[in-house]
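A.B. asks: I'd like to ask some things about the structure below.
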Amino acid sequence: MGRTNSGSRGGGRHTGPAVRAGDATRGDAGPPPVIQIRRVTKSYGLGDATVHALRGPSDPVTGEPLGVTLDIEQGDFVAVMGSSGSGKSTLMNILGCLDVPTGGRYLLDGTDVGHLDEGQLSLVRNRKIGFIFQSFNLVPRTTALAQVELPLAYAGARSAERRRRALAALSLVGLADRSGHKPNELSGGQQQRVAVARALVTAPAMLLADEPTGNLDSRSTEEVLGIIDGLNAIGRTVVLITHEDEVARHAKRVIRLVDGAIVSDVRQGPVAGPPPAIRPELVGGRS
Amino acid sequence: MILWQMLRFAFGGLAANKVRSALTMLGVLIGVASVILLLAVGNGSSVAVKDSITALGTNSLTVSAGSSFGGARGASTAKKLTVDDAKALASSAQAPDIKSVAPVVTTTGAALYGDISYTPGSIVGTYPAYFETSNQKVEKGDYFSNDDVLNARKVAVLGSTTAKQLFDTEDPVGKQITIGGTPFTVSGVLKTKGSTGFNDPDDLVIAPLPTVQNAFTGFGSVNQILVQATSAETTTAAQAEITQILMGTHALADATKLDFRISNQASLLTARESTGKTFTVLLGAVAAISLLVGGIGITNIMLVTVTERTREIGIRKALGAPKGVILGQFLTESTLLSVLGAGLGVLAGLIGSHFSIVGIKPVVIPESVLAAFGIAVAIGLFFGSYPANRAASLRPIDALRHE
Ligand SMILES: Nc1ncnc2c1ncn2[C@@H]1O[C@H](COP(=O)(O)OP(=O)(O)OP(=O)(O)O)[C@@H](O)[C@H]1O
Ligand SMILES: [Mg+2]
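Read top to bottom, the protein sequences are chains R and P. Residue 216 in full-length UniProt numbering sits at position 216 of the first sequence, with consecutive numbering throughout. Residue 368 in full-length UniProt numbering sits at position 368 of the second sequence, with consecutive numbering throughout.
Written out as structure tokens, the structure reads:
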């Protein structure tokens, strides 16, 4: 499928003990983090009714929210956990350029997303980000093949090229034989796999998944996670929201949110190399 | 994104709601068809009037008894028009612009041929000059002559409708018919003038004036005097001369208290034509309103479609659809609706214009077809652009969260 990611990055990369998110990682050799968010806040409503969906730690003096600051390395596999309403989806939507933060800066590949106009934003969504939703969000009445071709169509790919790449993506998720099916003719697990195929067809560097397995049974969950593991193994950055520890075990790093602030950030595996699920000897190590 | 791709998306969108799309198109169809058809009907009646102007001859004037000022009519002892008035007009040296004069009496009565009885629209007694003045041409046989008038011969010229009613396929020339007990020999049949939609000018019998006076009306007054001016340009001068002469014969001094009226056929018909234009404009306005309603239908449907598909718009935007593509998709959809609706409307309008409506043969105005089609498509674009723009401007997350 088009450009394979520029290798799973050299083994020379520093793979030391759990790295705290934040400033500590700066200054290292190697590529800069794909995602850098700086003091990002998101609030809804005004006055007393304001909901701070993302607030970060409070300023010890004024009590003002300082915002969430977080770096995600290229090739990392991050699971975001936290109770319902803790701001996980809010964070994810900002990362996916689907929403804009109330305050703070978001740098994607070093570019400040806040400075992009509408057209550039759609380019970013199309080329750099693959988004997977809990509720699949397939386009109704559209066959799986056309579904997966959509991002390519928006990218301006030729018809033959689109077809080829879409079929490749569908066979990667094991649905080559279902390419003519419409969403209402597919099971939930199959729909989510179509959504995964759609998210990866443009070969984006970053895969964002908001509870991708939330609506799936354990078997479908394993299938989808298997695909995501494979994508991370070839170097894609993955950020995934989940409520389940089973799912979080696949990640190299687990972040916990409480009331819009990061309360813990645990590394379960090195950034470089395949994810823990593919290297079973590492699961549970380094915490 | 290529245009073809957009068209495919748009067709898909329309096909997803076939009944709804069909009903919306029906609205546009009715709008466009009614614009074309109603304007064609209005135009058709104008054309009919215009034709009858040329048929009547633009240089004929009709003098009839009675005041031109309604209020004065009862007060003055209005003098009737007589054959002497006509003779005064015909022989006067003061009337260089008058070419010919024909006094006219009209009556009605049943005509009999064998055992067929038919009552023609009118029985006209007049002079041969009448034929030229009123633009009546003979098709078979001949007109009657001045000699027939002088001798009060019992000859008649039939209008084509009357001839058809009495004789059907038989040749009427030389046959005897009986009108009100008087036998007439048919000397000729007139060419068909065709209906103007108001009355049938071919349903009449024309006979020499004294013959008709003798048999029906008596030798008193005449109903009208038909005057032909030397040309269309001299009708105004001729009208002044007639006024002068008749004021003399009627011994009138005050030009504001005349006991006769002169009507200029051409100006009468011009007035009628302008009424026809008003009629066309009114019809056009009604039709334009229905076109507008069709346009509102498109807006309404596009708003519903956009609302219904807000989530889908969110998904597409999350996949990186640029604003232009979303805008294009919905605009293409609404334009497609209006183009298809307008196309079918043009078709319906053109087919409908082949049937005559309330006695009027519609005459399609080519510009109206283009304009109706163009306006409908423009309405689709214009009214579709609001919902489309609203859809395309949504932030992906807001669209995705839409219930
Ligand atoms: N559009 C909105 N308007 C107002 N408040 C909102 C909006 N979206 C989210 N919130 C609030 O922001 C907070 C965080 O919401 P968020 O969706 O990020 O939670 P979450 O961590 O994803 O929860 P869950 O695990 O249930 O999906 C919640 O308190 C929610 O009520
Ligand atoms: Mg959520």
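Backbone N, C-alpha and C define an ideal beta-carbon position, used for all residues, glycine too.
How would you write the range of the alpha helix (DSSP H) that asparagine 126 (chain R) sits in, first residue to last?
C.D. replies: 118-127 is the span of the alpha helix (DSSP H), which, as asked, contains asparagine 126 (chain R).
A.B. asks: Please confirm whether any heavy atom of ligand 2 lies closer than 7 Å to the CB of aspartate 99 (chain R).
C.D. replies: The answer is no for aspartate 99 (chain R).
A.B. asks: Can you pull the DSSP bridge partners for aspartate 112 (chain R)?
C.D. replies: Aspartate 112 (chain R) pairs with R:Leu107.
A.B. asks: Pick out whichever of R:Asp259, R:Ser218 and R:Asp245 has its Cα sitting closest to the Cα of alanine 79 (chain R).
C.D. replies: It is R:Asp245.
A.B. asks: So, does the CB of leucine 98 (chain R) fall closer than 8 Å to a CB anywhere in chain P?
C.D. replies: Yes, leucine 98 (chain R) counts as interfacial toward chain P.
A.B. asks: Evaluate leucine 3 (chain P) with the Cβ neighbour count: other Cβ atoms within 10 Å of its Cβ, from every protein chain shown; 16 or more gives buried, anything less gives exposed.
C.D. replies: Label assigned to leucine 3 (chain P): exposed.
A.B. asks: Can you pull the chain P residues whose beta carbon is under 8 Å from the beta carbon of serine 122 (chain R), in chain order?
C.D. replies: Those within 8 Å of serine 122 (chain R) in chain P are Lys317, Gly320, Ala321, Pro322 and Lys323.
A.B. asks: Take glycine 352 (chain P) as the anchor and find which of P:Val32, P:Val19 and P:Leu7 has the nearest alpha-carbon.
C.D. replies: When only C-alpha atoms are compared, the closest one is P:Val32.
A.B. asks: Closer than 7 Å by C-beta to lysine 88 (chain R): which residues in its own chain qualify, once you throw out the five before and the five after it? Chain order, please.
C.D. replies: Answer for lysine 88 (chain R): Val80, Gly82, Ile241 and Leu257, listed in chain order.
A.B. asks: Under 8 Å: do the stretch 230-239 of chain P and the stretch 138-156 of chain P share three or more Cβ pairs, one atom per stretch?
C.D. replies: In short, these stretches do not touch, since the Cβ pair count stays below three.
A.B. asks: What does DSSP give as the partner residue(s) for asparagine 264 (chain P) in the beta ladder?
C.D. replies: Note: asparagine 264 (chain P) sits in a beta bridge opposite P:Leu61.
A.B. asks: Could you work out which residues of chain R lie near arginine 395 (chain P), taking near to mean beta carbons separated by less than 8 Å?
C.D. replies: Those within 8 Å of arginine 395 (chain P) in chain R are Leu98, Asp99 and Val100.
A.B. asks: Can you tell me where the alpha helix (DSSP H) with lysine 164 (chain P) in it begins and where it stops?
C.D. replies: First-last of the alpha helix (DSSP H) with lysine 164 (chain P): 160-167.
A.B. asks: Hey, residue 406 (chain P) and glycine 141 (chain P): beta-carbon distance below 8 Å or not?
C.D. replies: The requested residue 406 (chain P) does not occur in the structure, where chain P is confined to residues 1 to 403.
A.B. asks: So for serine 231 (chain P), helix, strand or coil by DSSP?
C.D. replies: Three-state result, serine 231 (chain P): coil.
A.B. asks: Using C-beta distances below 8 Å, list every residue in its chain close to valine 138 (chain P), excluding the 5 sequence neighbours before and after it, in chain order.
C.D. replies: Within the same chain, valine 138 (chain P) has close Cβ partners Phe131, Val157, Gly188, Val189, Leu190 and Lys191.
A.B. asks: Which chain P residues sit within Cβ distance under 8 Å of glycine 44 (chain R)?
C.D. replies: Residue 44 (chain R) is actually tyrosine in this sequence, not glycine. Those within 8 Å of tyrosine 44 (chain R) in chain P number zero; the least Cβ separation is about 12 Å.
A.B. asks: Say whether chain P places a C-beta atom closer than 8 Å to the C-beta of valine 139 (chain R).
C.D. replies: Output row for valine 139 (chain R): interface = yes.
A.B. asks: If you compare alpha carbons, which of P:Thr256, P:Thr107 and P:Val325 is closest to alanine 10 (chain P)?
C.D. replies: Among P:Thr256, P:Thr107 and P:Val325, the Cα nearest to that of alanine 10 (chain P) belongs to P:Val325.
A.B. asks: Is it true that the CB of glycine 294 (chain P) sits closer than 8 Å to the CB of glycine 13 (chain P)?
C.D. replies: No; because the gap between Cβ atoms is not below 8 Å, this pair is not in contact.
A.B. asks: Checking the sheet assignment: what are the DSSP bridge partners for valine 238 (chain R)?
C.D. replies: R:Phe77 and R:Leu207, per the DSSP bridge assignment.
A.B. asks: Can you tell me which of P:Glu367, P:Ile298 and P:Val364 puts its alpha carbon nearest to the alpha carbon of leucine 340 (chain P)?
C.D. replies: If we check each option's Cα against that of leucine 340 (chain P), P:Ile298 comes out closest.
A.B. asks: Between lysine 317 (chain P) and ligand 2, is the CB less than 7 Å from at least one heavy atom?
C.D. replies: Answer for lysine 317 (chain P): no, Cβ out of range of ligand 2.
A.B. asks: Give, in chain order, every residue of the stretch 15-32 of chain P whose Cβ lies closer than 7 Å to some Cβ of chain R.
C.D. replies: Flagged, chain order: Ala16.
A.B. asks: Could you pull out every residue in the same chain whose Cβ sits closer than 6 Å to the Cβ of leucine 291 (chain P), ignoring the five residues on either side in sequence?
C.D. replies: Hits under 6 Å: Gly31 and Val35.
A.B. asks: Can a CB atom of chain R be found closer than 8 Å to the CB of leucine 3 (chain P)?
C.D. replies: It does not: the Cβ of leucine 3 (chain P) has no partner Cβ on chain R nearer than 8 Å.
A.B. asks: From the beta carbon of asparagine 126 (chain R), is the nearest beta carbon of chain P less than 8 Å away?
C.D. replies: Taking Cβ atoms only, chain P reaches closer than 8 Å to asparagine 126 (chain R), which makes this a yes.
A.B. asks: Counting by C-beta, which residues lie closer than 5 Å to a heavy atom of ligand 1, in chain order?
C.D. replies: Selection output, chain order preserved: R:Tyr44, R:Val51, R:Ala53, R:Ser84, R:Gly85, R:Ser86, R:Gly87, R:Lys88, R:Ser89 and R:Thr90.
A.B. asks: Is aspartate 210 (chain R) close to ligand 2? I mean its beta-carbon at under 7 Å from any heavy atom of the ligand.
C.D. replies: Flag set: Cβ of aspartate 210 (chain R) near ligand 2.
A.B. asks: Under a Cβ-count criterion, where at least 16 other Cβ atoms within 10 Å of its own Cβ denotes burial, should asparagine 151 (chain P) be classed as buried or exposed?
C.D. replies: Flag for asparagine 151 (chain P) reads exposed.
A.B. asks: Is there a C-beta anywhere in chain R that falls below 8 Å from the one on glutamate 308 (chain P)?
C.D. replies: No, because no Cβ of chain R sits closer than 8 Å to the Cβ of glutamate 308 (chain P).
A.B. asks: Beta carbon of valine 238 (chain R), beta carbon of valine 196 (chain R): below 8 Å?
C.D. replies: Contact flag unset, no.
A.B. asks: Taking tyrosine 118 (chain P) as part of the beta strand (DSSP E), name the residues at either end of that continuous run.
C.D. replies: Taken as a continuous stretch (DSSP letters only), the beta strand (DSSP E) holding tyrosine 118 (chain P) covers 116-118.
A.B. asks: Excluding the 5 residues preceding and the 5 following valine 363 (chain P) in the sequence, name in chain order all residues of the same chain whose CB lies nearer than 7 Å to its CB.
C.D. replies: Ala40, Asn43, Gly44 and Val47.
A.B. asks: Taking a Cβ distance cut-off of 9 Å, strictly less, list which residues of the UniProt domain "ABC3 transporter permease C-terminal" (285-394) of chain P are near chain R, in chain order.
C.D. replies: If the cut-off is 9 Å between Cβ atoms, the UniProt domain "ABC3 transporter permease C-terminal" (285-394) of chain P has Arg309, Arg311, Glu312, Gly314, Ile315, Arg316, Lys317, Ala318, Leu319, Gly320, Ala321, Pro322, Lys323, Gly324, Val325 and Ser393 near chain R.
A.B. asks: Let me see if you follow: with CB-CB separation under 8 Å, is glycine 7 (chain R) close to chain P or not?
C.D. replies: Here glycine 7 (chain R) scores only 39 on pLDDT, less than 50, and its place in the model is too uncertain to base an answer on.
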